Amino acid sequence: MEDIKFIARYKLMKDLSFADVWLIVLYIIGSAGGT
Numbered sequence: 030m031e032d033i034k035f036i037a038r039y040k041l042m043k044d045l046s047f048a049d050v051w052l053i054v055l056y057i058i059g060s061a062g063g064t
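In my numbering, each residue's number is its place in the sequence shown (first place is 1) plus 29.
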C-alpha cells in the first residue's frame, strides 16, 4: 500500500499531467475502499 502512495508522490514530483495524477488518486481511494 505504501508503494502506491510513494509512486503517486513520485509522479506528482515528476509533474505529469493532472489527469494522470488524478487517475492515481482515484485508484488509491478505490483501493482503500473510500466513499
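Note that beta-carbon positions come from the ideal geometry of N, C-alpha and C, so glycine has one too.
Quick caveat, the model's predicted, so the values are computed rather than measured.
Taking the straight line between their C-alpha atoms, what separation do you get for residue i and residue j?
i, j, result
"Ile36", "Gly62", "19 Å"
"Asp49", "Ile33", "14 Å"
"Ile53", "Arg38", "10 Å"
"Leu55", "Lys43", "18 Å"
Near residue i, what residues of its chain come up, given a Cβ to Cβ distance below 8 Å and the 5 sequence neighbours on each side ignored?
i, result
"Met57", "Per the sequence shown, residue 57 should be read as Ile rather than Met. Once the five neighbours on either side are set aside, the close Cβ partners of Ile57 are Ile33, Lys34, Ala37."
"Lys40", "Asp49, Val50, Ile53"
Which residues bound the alpha helix (DSSP H) around residue i?
i, result
"Gly59", "47 to 61"
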